[in-house]
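Report on the following structure.
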Amino acid sequence: MLTEYIEAALESAKYEIIEDEEPYYGAIPELEGVWATGKTLEECRRNLKETLEGWIVIRLQRGLAIPPIGQHRITEPERRLMANG
44 MLTEYIEAAL ESAKYEIIED EEPYYGAIPE LEGVWATGKT LEECRRNLKE TLEGWIVIRL
104 QRGLAIPPIG QHRITEPERR LMANG
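Residues in the sequence shown are numbered from 44 upward in steps of one, following this note's numbering.
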């Protein structure tokens with residue numbers, strides 16, 4: 044589930060060249076705030092994947108929804124309270 048979501052998100056990424064020390068810029072339009080730069084396109088892709096992974100972790104930790112990418116979804120497992128005794 045997680046790997047497929049990340050792959051689908053990266054496939055939807057948009058890249059462009061900007062005037063910067065790291066001229067390659069990539070973003071995933073469906074996921075607000077998920078973007079990265081790099082000195083090469085490959086570095087930008089690696090950085091974007093790391094950014095996406097961190098973004099997913101933070102959203103799960105905070106109980107925030109993660110938008111679907113096409114048919115791919117990440118849902119937080121139900122939290123169950125365990126009674127002692």
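Note that the Cβ used here is the ideal one computed from N, Cα and C, for glycine as well.
Would you report the Cα separation of L74 and E85, rounded to the nearest angstrom?
20 Å
For this session: Take S55 as the anchor and find which of I112, G106, E64 has the nearest alpha-carbon.
Result: With distances taken between Cα atoms, S55 lies closest to I112.
Residue environment, G97, which counts as buried when at least 16 other CB atoms sit within 10 Å: Result: exposed.
- Query: Under the DSSP definition of a beta bridge, which residues are partnered with Y130?
  - Reply: Since the first and last residues shown for the chain are 44 and 128, residue 130 lies out of range.
Q.
I'd like the list of long-range same chain contacts for I49, defined as Cβ closer than 8 Å, with 5 residues on each side in sequence excluded.
A. Answer for I49: K92, L95, E96, I99, listed in chain order.
Notebook entry, point to check: From the DSSP output, which residues share a beta bridge with I112?
Noted result: H115
*What three-state label does DSSP hand L107 in the structure shown?*
Per DSSP, reduced to three states, the secondary structure at L107 is coil, with no helix or strand assignment.
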